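Using UniProt numbering, you'd call the opening residue of the sequence shown number 1 and step up by one each time.
Cβ coordinates follow ideal geometry from the N, Cα and C atoms, glycine included.
Only a predicted model underlies this, so the values are computations on that prediction, with no experimental measurement involved.
All remarks here apply to the structure that follows.
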Amino acid sequence: MTATFEDFLKLDIRVGRIVEAAPFPEARKPAYKLTIDFGPEIGVKKSSAQITAHYTLEELVGRQVLAVVNFPPRQIGPVRSEVLTLGVPDAAGEVVLIAPGQEVPLGGRLF
1 MTATFEDFLK LDIRVGRIVE AAPFPEARKP AYKLTIDFGP EIGVKKSSAQ ITAHYTLEEL
61 VGRQVLAVVN FPPRQIGPVR SEVLTLGVPD AAGEVVLIAP GQEVPLGGRL F
């Protein structure tokens with residue numbers, strides 16, 4: 001299936017900073033609950049991510065990440081996930097987060 005540039009523009013992918021990371025023991029697969037600040041325009045949003053293989057809770061706080069901010073919220077167990085935090089699989093299939101190569105302003109849109 002081929003996507004158009006207009007399809008890409010429908011996705012609102014922004015940079016945010018993880019301000020809180022917590023265990024998510026109720027998840028079916030190991031995951032963390034994340035609170036991410038996307039700056040004044042979008043604000044603080046919740047997410048969950050299956051990133052326990054490569055990240056500790058402590059090292060996640062303060063880290064910049066990319067997320068889709070215009071999907072409808074999804075209920076994942078007791079967590080209402082408001083954004084989709086983006087990552088790619090490593091050779092073993094474990095998620096590695098997508099982030100800017102250097103510090104950038106919060107809320108910046110991917111283009």
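Take Pro100 and list the residues in its own chain whose beta-carbon comes closer than 7 Å to its own, dropping the five residues that flank it on each side.
-> Val15, Gln64
Considering only C-alpha positions, which residue in the set Gly87, Lys10, Thr4, Leu34 is nearest to Lys45?
-> Ranking the options by Cα distance to Lys45, first place goes to Leu34.
Residue burial classification, Pro85 (beta-carbon count within 10 angstroms, cutoff 16) = Checking the sequence shown, residue 85 turns out to be Thr, not Pro. Buried, since its Cβ has 16 or more Cβ neighbours within 10 Å.
Glu82, buried or exposed, once every other Cβ within 10 Å from all chains shown has been counted against 16 | buried
Once you ignore the five residues that flank Glu20 on each side, which residues in its own chain have a CB closer than 6 Å to its CB?
-> Thr35
Per-residue DSSP class, three states only, for Asp90 = coil
Runs of alpha helix (DSSP H) wholly within the UniProt domain "TRNA-binding" (7-111) (minimum 4 residues, chain order) | 57-60
Could you tell me if Phe5 is buried or exposed, where buried requires 16 or more neighbouring beta carbons within 10 angstroms of its beta carbon?
-> exposed
Supposed close pair Ile13, Gly107 - CB separation, criterion 8 Å = That pair is no contact at about 11 Å.
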